[in-house]
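**Q**
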Amino acid sequence: MPHCPCRLPPAAVPACPGPDRPRTPAGACRGSRARRSPSPTPSPSPSSFRPLPTPPKEHPVRRKRVLPLATLLLCAPALAGTAPAAAAPQTAPAPAPAPASGGPLRILLTNDDGYDAPGIRKAFERLTAAGHDVTIVAPLTNQSGTGTKMSNAPTVTVKHPEPKVWAVDGTPGDSVAFGLAEVFAGKAPDLVVSGTNFGPNVAGLATHSGTVGGAVAALEHGVPAIALSTGGLSVPDPVTTVNAMGPTLDFAVKLIDRLRSRARSGPLLPEGVGLNVNHPVVGTDGKGRASGVSATFQDPQTVLEPDFTDAGDGTWKTTVKVVLRPAARGGDIEAVSAGRIAVSPMNGDWNTGPVDQAVTSALVAGLRP
Numbered sequence: 166m167p168h169c170p171c172r173l174p175p176a177a178v179p180a181c182p183g184p185d186r187p188r189t190p191a192g193a194c195r196g197s198r199a200r201r202s203p204s205p206t207p208s209p210s211p212s213s214f215r216p217l218p219t220p221p222k223e224h225p226v227r228r229k230r231v232l233p234l235a236t237l238l239l240c241a242p243a244l245a246g247t248a249p250a251a252a253a254p255q256t257a258p259a260p261a262p263a264p265a266s267g268g269p270l271r272i273l274l275t276n277d278d279g280y281d282a283p284g285i286r287k288a289f290e291r292l293t294a295a296g297h298d299v300t301i302v303a304p305l306t307n308q309s310g311t312g313t314k315m316s317n318a319p320t321v322t323v324k325h326p327e328p329k330v331w332a333v334d335g336t337p338g339d340s341v342a343f344g345l346a347e348v349f350a351g352k353a354p355d356l357v358v359s360g361t362n363f364g365p366n367v368a369g370l371a372t373h374s375g376t377v378g379g380a381v382a383a384l385e386h387g388v389p390a391i392a393l394s395t396g397g398l399s400v401p402d403p404v405t406t407v408n409a410m411g412p413t414l415d416f417a418v419k420l421i422d423r424l425r426s427r428a429r430s431g432p433l434l435p436e437g438v439g440l441n442v443n444h445p446v447v448g449t450d451g452k453g454r455a456s457g458v459s460a461t462f463q464d465p466q467t468v469l470e471p472d473f474t475d476a477g478d479g480t481w482k483t484t485v486k487v488v489l490r491p492a493a494r495g496g497d498i499e500a501v502s503a504g505r506i507a508v509s510p511m512n513g514d515w516n517t518g519p520v521d522q523a524v525t526s527a528l529v530a531g532l533r534p
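The structure is reproduced here in structure tokens:
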């Protein structure tokens, strides 16, 4: 999620839909690059985080394996760190075999808010409690709004502050690339989960979201992925939004269970297809349950519109306006505004082929918040 108005002072930003600026679900676009979603097709509606222990000695990690061409060209290591590490290309990790039906999954957990943000810590605890083998590989610092950006620096600094946690000094895309090439070297995870994000990633917000961008990076590597976001269609409140992460993750566990049971030892999702999940904030305390679950598409509106004012001295004052037009029927904005969970299919490339809404509808049919 980008530095959306949600992160700016309220005066500068009227009711904004959320901090993360994701990427498009329905039509399959890429994080930092905007693309129009396909014509809207109505779909049927069917704790505080733990403080980190004193980190052990940090050390930059060497990049060893050759990633797919797109990543190789865009990424190289990530942002420069304290002690450079030379690159030594090798082979990319082989896709993981399909998980056993109903068995625990090996999950790579990432985000764009940073490896120690409440959303990812709560996700780690909840998914681990559900029996999954979860490893955090996420940005060292807040990378909101970076979309699918990949760094192009000669070195990347990676910290390993505690077991099952890796902090990459780069973007969500860099984190996923490092996680697949190094942390999960030789055997890809069964699933990449990105989030849960502080704030929504609906409509045009998804296009620029680092949360969605992390999921797209996984899809580009052939790994199933889910982007999770928590927020309503107004400036996220720190207390209620964090409280709403509980119900968000409860639903995420149910969704993953549904994917496992439907996979029957096959892939969790069709190749190249992921899910962008947006959970609303319900109730005055944010702990309420959503009214239902909808298979949706990314509403084609942009939501955020920049405004520039010439200061007359060669500089321009910039502000971001939140402009919400009438929601597209069956889109993610309509669902979230009605207090429902929006589940939008997305793919990891720029193809404009139709998305099978029926598959997503069947997936969420009968699921409850």
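Just so you know, we're using the working numbering here: the sequence shown kicks off at 166 and counts up by one. Here a beta-carbon is modelled for each residue, glycine too, at the ideal position from N, C-alpha and C.
Skipping 5 residues on each side, what residues in its chain have a beta carbon closer than 6 Å to that of LEU234?
**A** Its pLDDT being 25, under 50, LEU234 is placed unreliably by the model, and the measurement read from it follows with that caveat. Excluding positions up to five away in sequence, the list is empty.
**Q** Can you tell me which of the three DSSP states PRO432 falls into?
**A** Of the three classes helix, strand and coil, the one that applies to PRO432 here is coil, per DSSP.
**Q** Less than 9 Å between the beta carbons of THR376 and SER359, yes or no?
**A** Yes, Cβ-Cβ distance for THR376 and SER359 is below 9 Å.
**Q** Report the three-state DSSP secondary structure of PHE363 (helix, strand or coil).
**A** It is a strand residue.
**Q** How far does the beta strand (DSSP E) with VAL341 in it extend, from its first residue to its last?
**A** Run containing VAL341: none in the beta strand (DSSP E); it sits in the alpha helix (DSSP H), 337 to 343.
**Q** PRO326 and VAL501 look like a contact to me (Cβ under 8 Å); what is the Cβ gap, rounded to whole Å?
**A** Actually they do not touch by this definition, with Cβ atoms about 34 Å apart.
**Q** Kindly identify the DSSP beta-bridge partner or partners of THR311.
**A** Note: THR311 sits in no beta bridge, so no partner.
**Q** Taking C-beta to C-beta, are PRO510 and ALA493 nearer than 9 Å?
**A** Not closer than 9 Å, so no.
**Q** Between the alpha carbons of GLN522 and ALA460, how many angstroms are there, rounded?
**A** Taking the straight line joining both Cα atoms gives about 7 Å.
**Q** So, with DSSP's three-state summary, where would you put GLY457?
**A** If DSSP states are grouped into helix, strand and coil, GLY457 belongs with the strands.
**Q** How many angstroms separate the CA atom of VAL442 from the CA atom of GLY477?
**A** Distance between the alpha carbons of VAL442 and GLY477: 44 Å.
**Q** Taking the continuous beta strand (DSSP E) assigned at GLU470, which residues delimit it?
**A** Run containing GLU470: 469 to 475, per the beta strand (DSSP E) assignment.
**Q** Rounded to whole angstroms, how far is the Cβ of LYS324 from the Cβ of LEU305, which I believe are closer than 8 Å?
**A** Yes, LYS324 and LEU305 are in contact; Cβ-Cβ is about 6 Å, under 8 Å.
**Q** Can you tell me where the beta strand (DSSP E) with THR275 in it begins and where it stops?
**A** Taken as a continuous stretch (DSSP letters only), the beta strand (DSSP E) holding THR275 covers 271 to 275.
**Q** I need the boundaries of the beta strand (DSSP E) containing THR483, first residue and last residue.
**A** 481 to 487 is the span of the beta strand (DSSP E), which, as asked, contains THR483.
**Q** GLY338: which of HIS297, VAL407 and THR275 sits nearest, CA to CA?
**A** That would be THR275, whose Cα lies nearest to the Cα of GLY338.
**Q** Return the chain-ordered list of same chain residues with a C-beta closer than 7 Å to the C-beta of THR413, the five sequence neighbours on each side being excluded.
**A** Excluding positions up to five away in sequence, the list reads THR361, LEU393, THR395 and HIS444.
**Q** Mind reading off the beta-carbon distance from VAL348 to ALA390? Whole number of angstroms is fine, and I expect it under 8 Å.
**A** Not really, about 16 Å apart at Cβ, beyond 8 Å.
**Q** Would you identify the three-state DSSP class for LYS352, choosing helix, strand or coil?
**A** In the structure shown, LYS352 sits in coil (DSSP, three-state: anything other than H, G, I, E or B).
**Q** Can you tell me which of THR320, ALA318 and VAL341 puts its alpha carbon nearest to the alpha carbon of GLU385?
**A** Comparing Cα positions, the closest option is VAL341.
**Q** Short of 6 Å in beta carbon distance, which residues of its chain neighbour ARG271, apart from the five on each side in sequence? Order them along the chain.
**A** Answer for ARG271: ASP298, PRO354 and ASP355, listed in chain order.
**Q** Between which two residues does the beta strand (DSSP E) harbouring LEU398 extend?
**A** Run containing LEU398: none; DSSP gives neither H nor E here.
**Q** Could you check what DSSP says for ASN512 in three-state terms: helix, strand or coil?
**A** The answer is strand: DSSP assigns ASN512 an E or B state.
**Q** With distance defined between alpha-carbon atoms, name the residue in ALA383, THR322 and ALA282 nearest to ASP514.
**A** Checked all of ALA383, THR322 and ALA282; the closest Cα to ASP514 is ALA383.
**Q** Can you tell me which of the three DSSP states VAL358 falls into?
**A** VAL358 falls in the strand class under three-state DSSP.
**Q** What do you get for ASN317, buried or exposed, if any count of 16 or more other CB atoms within 10 angstroms of its CB means buried?
**A** Its Cβ having fewer than 16 others within 10 Å, ASN317 is exposed.
**Q** Under DSSP, the alpha helix (DSSP H) around LEU370 begins and ends at which residues?
**A** Its alpha helix (DSSP H) spans residues 368 to 372.
**Q** Can we say the region 308 to 316 touches the region 414 to 424, given the rule of at least three CB pairs closer than 8 Å?
**A** Counting Cβ pairs under 8 Å, fewer than three are found: no touch.
**Q** Does DSSP put LYS452 in a helix, in a strand, or in coil?
**A** Note: LYS452 maps to coil in three-state DSSP.
**Q** Just verifying my parser: in three-state terms, what is the DSSP assignment at THR376?
**A** If DSSP states are grouped into helix, strand and coil, THR376 belongs with the helices.
**Q** Check this for me: beta carbons of GLY279 and GLN308, under 9 Å apart or not?
**A** Cβ distance < 9 Å, so GLY279 and GLN308 count as in contact.
**Q** What do you reckon, are the CB atoms on GLY504 and VAL447 nearer than 9 Å?
**A** Yes, these two residues count as a Cβ contact at 9 Å.
**Q** Rounded C-beta distance between ALA368 and VAL468? I'm assuming under 8 Å.
**A** Sure, about 5 Å apart at Cβ, within 8 Å.
**Q** Nearest CA to the CA of GLY268: which residue from THR372, GLY431, ALA409 and ILE498?
**A** Nearest C-alpha to GLY268: GLY431.
**Q** Taking a contact to mean a Cβ-Cβ separation below 9 Å, would you say PHE363 touches GLY453 in this structure?
**A** Against a cut-off of 9 Å, the Cβ pair of GLY453 and PHE363 comes out as no contact.
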